[in-house]
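Q: One line per chain: the protein sequences are A and B, in this order. Numbered according to our numbering, the first sequence spans residues 1 to 329. Numbered according to our numbering, the second sequence spans residues 1001 to 1329. Cβ atoms here follow ideal geometry from the backbone N, Cα and C, with glycine treated the same way.
Number of protein chains: 2
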Amino acid sequence: MRIDNLQYANWSPKVFRQLRAGEIDAVHVTIAYHENFRETVLNFEKWNRWFELYPDLIMPGYHAKDIDVARKLNKTAIFFGFQNPSPIEDDIGLVEIVHRLGARFMQLTYNNQTLLASGCYEREDSGITRMGKQVIKEMNRVGLVIDMSHSGDRSTIDAADLSERPIAITHANPYSWHPALRNKHDRVIEAVTSNGGMIGFSLYPHHLKGKSNCTLESFCQMIADSANKFGVDKIGIGSDLCQDQPDSVVEWMRVGRWSKEVDYGEGSADLPGFPQQPSWFQDSRDFVNIENGLSAVGMHSEEIDKIMGMNWYNFYSMNFTPSADSENA
Amino acid sequence: MRIDNLQYANWSPKVFRQLRAGEIDAVHVTIAYHENFRETVLNFEKWNRWFELYPDLIMPGYHAKDIDVARKLNKTAIFFGFQNPSPIEDDIGLVEIVHRLGARFMQLTYNNQTLLASGCYEREDSGITRMGKQVIKEMNRVGLVIDMSHSGDRSTIDAADLSERPIAITHANPYSWHPALRNKHDRVIEAVTSNGGMIGFSLYPHHLKGKSNCTLESFCQMIADSANKFGVDKIGIGSDLCQDQPDSVVEWMRVGRWSKEVDYGEGSADLPGFPQQPSWFQDSRDFVNIENGLSAVGMHSEEIDKIMGMNWYNFYSMNFTPSADSENA
């Protein structure tokens, strides 16, 4: 089983075919960076149209069992998530609405301070806010998973502690391997995984040791080390693959509507656009390279199966249903 | 001249007539607590209708000179403000739009953390956020005054320092007089007034020493003491009069859409609604009581004139126009 727990491609039939060629059974797809509720609904509509147009390649995923169906039918199940709480605006009632529409992950912040928590780019992190505490409770209730990939350390640890259900870092790597602002200190990963949560390892070059020149061996050794540190059941892939996106999209991701000045985020004035993917991970067809790489650093096939998909499958099966029904999920 | 720099009445012809009976030349009216942009536009529309229906009583105020016109025509000039940045949502471009529509004050927070700053009810205050810094610059540019009445101490001091133009605490009292969470420590008032800003004293009972039983003398002595501490040119009235409002409105003010649980704010389970106004300040006709009270505690008529209106008039004349034109305002 192969699950990629974060992609943000410029979706097209070509990319859908690559998902099938790569035998990706499920993918968690970002459909909001700074979109408000209405704009997010437009993105759900866009996907409804794609499901209608390409029924042989993709299908909507609402629960883990949809992945079983997808595997049987040779399709990829698409699960939706938001990288910012902008779709719920200032309205806690929208948590249940977006879950009903299909959202399964929501970041409490995207780099900046939000109504809920602090982002990793703020000077200081004061933890989960008053509204944040209420929203975490509501997300727990309906089965919308808290994602802290772009949050500050303190907010992430707070969220892991406050949440009554496991949370996730869907796409990031250990800071100890590559000290990027977006990567996570061991104590932060520990707070998430020790509460039943998971981390998905990212293949976005700014998160990789050596960036675009990162070696497959280094990436896979980092995964093997993480399995030892945090547990082989607590880790997966969240590639953060931003395939075929024009650079205008990375500007939207970084600046949204919050600034009139350019903010380069993880880039710089010299390198303002999307960075080059490493040669061994260009698109979804390259998942097999990671599997081979994990084998080369000494991991067993059962361990590799867990990391490549089974762990996310189990996580999905426990965390996408309302809390009262979760035992029957 | 009489200016009340904060009212949130349940507006009606009766209340407009009381403004005239009280000889209020201008009033800063709240038109947003938690309203988003579109909802705020509806509130502008509501006022357009009132201006059309009651042209003998009220007129829109955009600049200080509109107060001169209002005085000549025996009307009250209505200036608009927001108690939360919710009307600009996550969009810095809306700062100029709401100013064009007539907004002249905007709080960066209403009790809770926002995208811009921390509110006075949050456990911690991490100061002005990344977006907050950008929005302060834009508010300075267009002439939209930063109001920190419901903000945390650190955020308020940060805003006073970061802003290149004077900021305001439109409605609050000194914490040293009455230690309410919403009242302001001397060092916070000092940060605002020493940078050219002003504070408007509130007559909302939860902000008063003795609450509904506060004496006129105590209130006026607090003003006289504040004149000595912060300067007689830096103080005015912002009554926070919430006349004729049903208790459902105070619930909206406190809870908005951010929580499914009741939050009593400055009230309590025993006293969930609006508190009783003190006997000597029931509505706009009672401004004369404050003038008499200030005289009784020994203030001179020129000082009283400043506090009752001239200071806000001068503040308006300097701070409602775009920064490049401010010298010609």
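1) Could you give the residue range of the alpha helix (DSSP H) that holds residue 18/A?
2) Cβ of residue 1005/B within 8 Å of Cβ of residue 1238/B?
3) Check for me: the beta strand (DSSP E) holding residue 1107/B runs from which residue to which?
4) With 8 Å set as the bound, which would you pick, yes or no: does the beta-carbon of residue 92/A sit closer than that to a beta-carbon of chain B?
5) Between residue 1258/B and chain A, is any beta-carbon pair separated by less than 8 Å?
6) Which class does residue 147/A belong to by DSSP, given the choice of helix, strand or coil?
7) Taking 8 Å as the cut-off, decide whether the C-beta atoms of residue 172/A and residue 266/A are in contact.
8) At a Cβ threshold of 8 Å, is residue 112/A touching chain B?
9) Which class does residue 1244/B belong to by DSSP, given the choice of helix, strand or coil?
10) From residue 1067/B to residue 1311/B, what distance separates their C-alpha atoms?
11) Any residues in the segment 1259-1291 of chain B with a beta carbon nearer than 9 Å to a beta carbon of chain A? Which ones, in chain order?
12) Just list the residues that DSSP pairs residue 260/A with in beta bridges.
13) Between the alpha carbons of residue 1327/B and residue 1314/B, how many angstroms are there, rounded?
14) Look at the alpha carbon of residue 126/A and the alpha carbon of residue 98/A, and state the distance between them as a whole number of angstroms.
15) Closer than 8 Å by beta-carbon distance: list the chain B residues that pair up with residue 150/A, in chain order.
16) Is there a C-beta anywhere in chain A that falls below 8 Å from the one on residue 1164/B?
17) In this structure, does DSSP put residue 215/A in helix, strand or coil?
18) Suppose only complete runs of 3+ residues qualify. What are the beta strand (DSSP E) ranges in the segment 170-210 of chain A, listed by chain order?
19) Measuring alpha carbon to alpha carbon, tell me which of 213/A, 212/A, 168/A and 202/A ends up nearest residue 195/A.
20) Mind checking whether residue 1147/B and residue 1106/B have CB atoms under 8 Å apart?
21) Can you pull the chain C neighbours of residue 1127/B, defined as C-beta to C-beta under 8 Å?
22) If you measure from the beta carbon of residue 1049/B to each beta carbon in chain A, is any gap under 8 Å?
23) Give the residues of chain B in contact with residue 115/A, contact being defined as C-beta atoms less than 8 Å apart.
24) Mind checking residue 55/A: buried by the 16 CB within 10 Å criterion, or exposed?
25) Where residue 94/A and residue 88/A are concerned, what is the direct C-alpha to C-alpha distance, given to the nearest angstrom?
26) Residues in the same chain with beta-carbon distance under 6 Å from residue 1014/B, minus the five sequence neighbours each way, listed in chain order, please.
27) Cβ atoms of residue 1217/B and residue 1273/B: under 8 Å apart, would you say?
28) Using a cut-off of 9 Å between C-beta atoms, extract the partners of residue 130/A located in chain B.
29) Does chain A have any CB closer than 8 Å to the CB of residue 1138/B?
A: Based on what the coordinates show:
1) Element bounds for residue 18/A: 13-21.
2) Yes, Cβ-Cβ distance for residue 1005/B and residue 1238/B is below 8 Å.
3) Per DSSP, the continuous beta strand (DSSP E) segment holding residue 1107/B begins and ends at 1103-1107.
4) Taking Cβ atoms only, chain B reaches closer than 8 Å to residue 92/A, which makes this a yes.
5) Closer than 8 Å to some Cβ of chain A, the Cβ of residue 1258/B qualifies, so yes.
6) Under the three-state reduction of DSSP, residue 147/A is assigned to strand.
7) Inclusion of residue 172/A and residue 266/A in the CB contact set at 8 Å is not warranted, their separation being larger than that value.
8) So, interface residue.
9) Coil.
10) Taking the straight line joining both Cα atoms gives about 13 Å.
11) The segment 1259-1291 of chain B vs chain A, Cβ under 9 Å: 1259, 1260, 1261 and 1263.
12) According to DSSP, which records beta bridges pairwise, residue 260/A is partnered with nothing at all.
13) Confidence at residue 1327/B is low in this model, with a pLDDT of 45, below 50, so its placement is unreliable and the value that follows should be read with caution. In this model, residue 1327/B and residue 1314/B are separated by some 13 Å (Cα to Cα).
14) For residue 126/A and residue 98/A, the distance between alpha carbons rounds to 27 Å.
15) Residues of chain B whose Cβ lies closer than 8 Å to the Cβ of residue 150/A do not exist; the shortest such Cβ separation is about 13 Å.
16) At a cut-off of 8 Å between beta-carbon atoms, residue 1164/B makes no contact with chain A.
17) Residue 215/A: coil per DSSP, three-state reduction.
18) Every beta strand (DSSP E) of 3 residues or more that sits fully in the segment 170-210 of chain A is shown, in chain order, as 198-201.
19) Nearest Cα to residue 195/A within the set 213/A, 212/A, 168/A and 202/A: 168/A.
20) Contact: yes.
21) Among the protein chains in the structure shown, which are A and B, there is no chain C.
22) Interface annotation, residue 1049/B: not in contact with chain A, CB-CB separation never under 8 Å.
23) Residues of chain B passing the Cβ test: 1112, 1113, 1114, 1115 and 1258.
24) The residue is exposed, with fewer than 16 neighbouring Cβ atoms inside 10 Å.
25) Taking the straight line joining both Cα atoms gives about 5 Å.
26) Here the set comprises nothing.
27) With respect to residue 1217/B, residue 1273/B sits apart: the two C-beta atoms are not nearer than 8 Å.
28) The answer, in chain order, is 1111, 1112, 1113, 1119, 1121, 1122, 1123, 1258, 1259 and 1263.
29) Judged by the 8 Å Cβ criterion, residue 1138/B is in contact with chain A.
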